[in-house]
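**Q** Handing you this structure, nothing more for now.
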Amino acid sequence: MRNECDKVLDYFNDQLSENEKAQFEQHLESCSECREELEELRELTADLPFSSEPVDPPEGMKDRVLGAVFEEDEPVSNEEDPVVYMDEHREQKQEQVPKQSKRPWVVRGLAAALILSLVGNLYALTNNGQEQVSDPEPEPPQIEESTDQVAKRVQLKGENTQANATAAMIRQNEKELLTIQAEQLTPLQGEEVYQVWLIQGETPYRAGTFVANENGEGAVAFSMDQLPEDVEWDAVAVSKEPDANSETPQGEVVMSSSL
Amino acid sequence: MSNRDAELYQKMIDGDKQSLEALYDKYEKLLYSFVIKLSSDETLAEEVLQEVFIKLWTQKAKYDNTKGKFSSWLVTITRYTAIDQIRGNKKHNVSLQEETDVPEEQTQSTEDLVEWKEKSAVMKQAVQKLSDDQKQMVDLFYFKGLSQSKIAEQCNLPLGTVKGRLRLALKHLKEHVSALEGGIRDA
């Protein structure tokens, strides 16, 4: 097998399989040399597009392209939502979304539950300040047609554990929700809990608490209203805490991902 | 300039079609020309632009202004989209021999292409100063997006040597760019 550090070029050119890519991204977190090499490649190639000879686009291209673009609805929560990996500038192709038979359903179930619990608020919101809504029908919003949108989704993984989780930030009208769906968690003792943290720079913010069931599964939905606004979050992490009151991580971080 | 881009991008996220159109107008020709350089295929270039702007509009690709300039991000997205389509699309990879003969009509407004105009002469000259091997290395890696093993094969190099050679080529390129830019400033 190739050494991870030998995959920098193929990673840059998107030549790795899904597995290799995930492995390499995990490797990147611990290998500053590879991160620097990638950064250097980006920097050294950044101006190369400007060496292109100007070519006039064909007539009518703008209308065709923008026509097709505006036919696309903005994405709603579904299985094809982008999974944003650590290397954020690389958008995900749809076929690259990891094939997971169960999790999307669970996440959708979770999102649906949230929508149900919030549907009252939502209804109130959509009926105030209504002007921009193009749908003239006065019906209350259907759950399937909610404006929820997955703004970001990442996979959390840990070094020495099978435990993993999907974190999704769901934008719902003006609000943001963070949902975590974890599995293969180790059982908790006594008052222990799993605590979710959103991290900006060096500062962790509490972002939901959950426990594992007997199947090692746990989930939480957290309203980001409680957090400072307009923060660019750097990472999301889950730690095992002695109880549900930790203001900063006291226990070990079980898994994490950059955002 | 990039502040204006970030502003437009933000408005676009809020659903403003005109802002997306403004970004499109500004970058259409650069991106189109870039994909032509990558693929030599006009049909593919249009498809790539469409996909790129769909990704922008639907936020399948998200720009984060802490990670650098919008234009750099946009060309990166475009490059990946193009490489991806070229890979899946080899069959209609029509060669466009007259690529460099296409007349350079300056029909665009000036604002959209300032960065390109500023940099294109320097970049082209800097690339010309590379040795043929170095040019090939940059071409196979960046413009063709080939894997390391394919590059090794085409350049007849051991796999482990490719990275070092590429870095050297890119560093030479950067030195040439710096020297040329210095020259312009001194002139």
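Quick mapping for you: the protein sequence lines, in order, are chains A and B.
Each residue of the first sequence is one higher than the one before, starting from 75 at the first, in my numbering.
Each residue of the second sequence is one higher than the one before, starting from 32 at the first, in my numbering.
Just so it is clear, CB atoms sit at the ideal spot from N, CA and C, and this is done for glycine as well.
Predicted model only: the values in this text are computed from it and were never measured.
Among B:K202, B:K175, B:L171, B:K93, which has the Cα closest to the Cα of N187 (chain B)?
**A** By 1-based counting over the second sequence, the position of residue 187 (chain B) is 156. For the residues B:K202, B:K175, B:L171, B:K93, the minimum Cα distance to N187 (chain B) belongs to B:L171.
**Q** For the alpha helix (DSSP H) that contains M135 (chain A), what are its first and last residues?
**A** Taking the first residue of the first sequence as position 1, residue 135 (chain A) is located at position 61. Per DSSP, M135 (chain A) belongs to the alpha helix (DSSP H) from 135–145.
**Q** Establish whether the CB of L262 (chain A) and some CB of chain B are separated by less than 8 Å.
**A** Here residue 262 (chain A) is taken as the residue at index 188 of the first sequence, counted from 1. Not closer than 8 Å to any Cβ of chain B, the Cβ of L262 (chain A) fails to qualify, so no.
**Q** I'd like the span of the beta strand (DSSP E) that includes Q223 (chain A), first residue to last.
**A** Along the first sequence, read from residue 1 onward, the residue named residue 223 (chain A) stands at position 149. Here the beta strand (DSSP E) through Q223 (chain A) covers 223–231.
**Q** Determine, for Y63 (chain B), whether the minimum Cβ-Cβ distance to residues of chain A falls below 8 Å.
**A** Taking the second sequence and counting its residues from 1, the one referred to as residue 63 (chain B) is at position 32. Judged by the 8 Å Cβ criterion, Y63 (chain B) is in contact with chain A.
**Q** Are the beta-carbon atoms belonging to Q116 (chain B) and V79 (chain B) less than 8 Å from one another?
**A** For this step, residue 116 (chain B) is matched to residue 85 along the second sequence. For this step, residue 79 (chain B) is matched to residue 48 along the second sequence. Yes.
**Q** 8 Å is my cut-off, CB to CB: does G176 (chain B) come that close to chain A?
**A** Locating residue 176 (chain B) in the second sequence gives position 145, where the first residue counts as 1. Taking Cβ atoms only, chain A reaches closer than 8 Å to G176 (chain B), which makes this a yes.
**Q** Mind checking if E133 (chain A) is an interface residue toward chain B, Cβ cutoff 8 Å exclusive?
**A** By one-based count along the first sequence, residue 133 (chain A) stands at place 59. By this cut-off, E133 (chain A) is not an interface position.
**Q** Could you tell me which of A:A295, A:S330, A:E107 sits nearest to I244 (chain A), measuring between CA atoms?
**A** Locating residue 244 (chain A) in the first sequence gives position 170, counting from the first residue. Here the closest residue by C-alpha is A:A295.
**Q** With 9 Å as the limit, tell me which residues of the region 257–284 of chain A have their beta carbon closer than that to any beta carbon of chain B; keep them in chain order.
**A** Hits within the stretch: zero.
**Q** Inspect the beta-carbon positions of A242 (chain A) and A256 (chain A) and report whether they are closer than 8 Å.
**A** Counted from its first residue, the first sequence places residue 242 (chain A) at position 168. Counted from its first residue, the first sequence places residue 256 (chain A) at position 182. Against a cut-off of 8 Å, the Cβ pair of A256 (chain A) and A242 (chain A) comes out as no contact.
**Q** Tell me whether the region 146–157 of chain B and the region 198–217 of chain B touch, counting them as touching only if at least three CB pairs, one residue from each stretch, are closer than 8 Å.
**A** Result yes; three or more Cβ-Cβ pairs closer than 8 Å.
**Q** According to DSSP, simplified to helix, strand and coil, what is P128 (chain A)?
**A** What you label residue 128 (chain A) is simply residue 54 of the first sequence in a count that begins at 1. Here P128 (chain A) sits in coil by DSSP.
**Q** Using CA coordinates, which residue listed in A:E248, A:L252, A:E113, A:D299 is at the minimum distance from D45 (chain B)?
**A** Numbered from 1 along the second sequence, position 14 holds the residue referred to as residue 45 (chain B). Closest option to D45 (chain B), Cα to Cα, is A:E248.
**Q** Given this structure, state the Cα-to-Cα distance separating L199 (chain B) from L161 (chain B), to the nearest angstrom.
**A** On the second sequence, position 168 is the one that residue 199 (chain B) refers to. On the second sequence, position 130 is the one that residue 161 (chain B) refers to. So the two alpha carbons sit approximately 11 Å from each other.
**Q** Using Cβ-Cβ distances below 9 Å, what residues of the region 102–119 of chain A are close to chain B?
**A** Answer set for the region 102–119 of chain A: E111, E114, L115, R116, E117, L118, T119.
**Q** List, in order along the chain, the chain B residues whose C-beta lies closer than 7 Å to that of D84 (chain A)?
**A** Numbered from 1 along the first sequence, position 10 holds the residue referred to as residue 84 (chain A). Going along chain B in sequence order, the residues near D84 (chain A) (Cβ under 7 Å) are S178, Q179.
**Q** Apart from the five residues on each side of it in sequence, which residues of its chain come closer than 6 Å, Cβ to Cβ, to R138 (chain A)?
**A** On the first sequence, residue 138 (chain A) is found 64 positions in, with the first residue counted as 1. Cβ within range, chain order: n/a, list empty.
**Q** For L230 (chain A) versus S297 (chain A), is the C-beta distance shorter than 8 Å?
**A** Here residue 230 (chain A) is taken as the residue at index 156 of the first sequence, counted from 1. Here residue 297 (chain A) is taken as the residue at index 223 of the first sequence, counted from 1. No, they are not a contact pair.
**Q** Let me see if you follow: with CB-CB separation under 8 Å, is E184 (chain B) close to chain A or not?
**A** The residue you call residue 184 (chain B) lines up with position 153 of the second sequence. So no, E184 (chain B) is outside the interface.
**Q** Here's the rule: buried if 16 or more other CB atoms are within 10 angstroms of the residue's CB, otherwise exposed. What is N87 (chain A)?
**A** By 1-based counting over the first sequence, the position of residue 87 (chain A) is 13. Its Cβ being crowded by 16 or more others within 10 Å, N87 (chain A) is buried.
**Q** For Q89 (chain A) and E266 (chain A), I'd like the C-alpha separation in whole angstroms.
**A** Counted from its first residue, the first sequence places residue 89 (chain A) at position 15. Counted from its first residue, the first sequence places residue 266 (chain A) at position 192. Distance between the alpha carbons of Q89 (chain A) and E266 (chain A): 42 Å.
**Q** Buried or exposed: which applies to E375 (chain A), given that a residue is buried once 16 or more other Cβ atoms fall within 10 Å of its Cβ?
**A** Only positions 75 to 333 of chain A appear in the structure, and residue 375 (chain A) is not among them; the question remains open.
**Q** Under 8 Å, Cβ to Cβ, is there at least one residue of chain A near V125 (chain B)?
**A** In the second sequence, the residue the question calls residue 125 (chain B) occupies position 94. Low local confidence applies: a pLDDT of 40 at V125 (chain B) is under 50, so the model's placement there is unreliable, and no value is given.
**Q** Which residue's Cα is closest to the Cα of E149 (chain B): A:D121, A:T235, A:G232?
**A** By 1-based counting over the second sequence, the position of residue 149 (chain B) is 118. It is A:D121.
**Q** Counting only Cβ pairs nearer than 8 Å, list the residues of chain A close to Q81 (chain B).
**A** The count along the second sequence starts at 1 and reaches residue 81 (chain B) at position 50. Going along chain A in sequence order, the residues near Q81 (chain B) (Cβ under 8 Å) are R138, V139, A142, V143.
**Q** Can you pull the DSSP bridge partners for M329 (chain A)?
**A** Position 255 of the first sequence, counted from the start, is the residue given in the question as residue 329 (chain A). Its beta-bridge partners are A:V312.
**Q** State the beta-bridge partners of S297 (chain A) as determined by DSSP.
**A** The count along the first sequence starts at 1 and reaches residue 297 (chain A) at position 223. Paired residue(s): A:L251.
**Q** Which class does V285 (chain A) belong to by DSSP, given the choice of helix, strand or coil?
**A** In the first sequence, the residue the question calls residue 285 (chain A) occupies position 211. DSSP places V285 (chain A) in coil when its eight states are reduced to three.
**Q** Would K205 (chain B) count as contacting chain A if we go by Cβ distances under 8 Å?
**A** Within the second sequence, numbered from 1, the residue matching residue 205 (chain B) stands at position 174. Interface residue, yes.
**Q** Using CA coordinates, which residue listed in A:L140, A:Q269, A:A142, A:A96 is at the minimum distance from G325 (chain A)?
**A** Counted from its first residue, the first sequence places residue 325 (chain A) at position 251. Considering only alpha carbons, the answer is A:Q269.
**Q** Taking only the alpha-carbon atoms, compute the straight-line gap between A187 (chain A) and E303 (chain A) and give it to the nearest angstrom.
**A** By 1-based counting over the first sequence, the position of residue 187 (chain A) is 113. By 1-based counting over the first sequence, the position of residue 303 (chain A) is 229. Low confidence applies here, because A187 (chain A) scores a pLDDT of 47, under 50, leaving its location unreliable and the question unanswered by this model.
**Q** Between the C-alpha atoms of K166 (chain B) and A311 (chain A), what's the straight-line distance to the nearest angstrom?
**A** Position 135 of the second sequence, counted from the first residue, corresponds to residue 166 (chain B). Position 237 of the first sequence, counted from the first residue, corresponds to residue 311 (chain A). If you take the alpha carbons of K166 (chain B) and A311 (chain A), they lie about 44 Å apart.
**Q** Are the region 52–71 of chain B and the region 127–136 of chain A in contact at 8 Å, needing three or more beta carbon pairs?
**A** Cβ pair count under 8 Å is three or more, so yes.
**Q** Less than 8 Å between the C-beta atoms of W104 (chain B) and Y94 (chain B), yes or no?
**A** The residue given as residue 104 (chain B) occupies position 73 in the second sequence. The residue given as residue 94 (chain B) occupies position 63 in the second sequence. It is a contact, given that the beta carbons lie within the stated cut-off.
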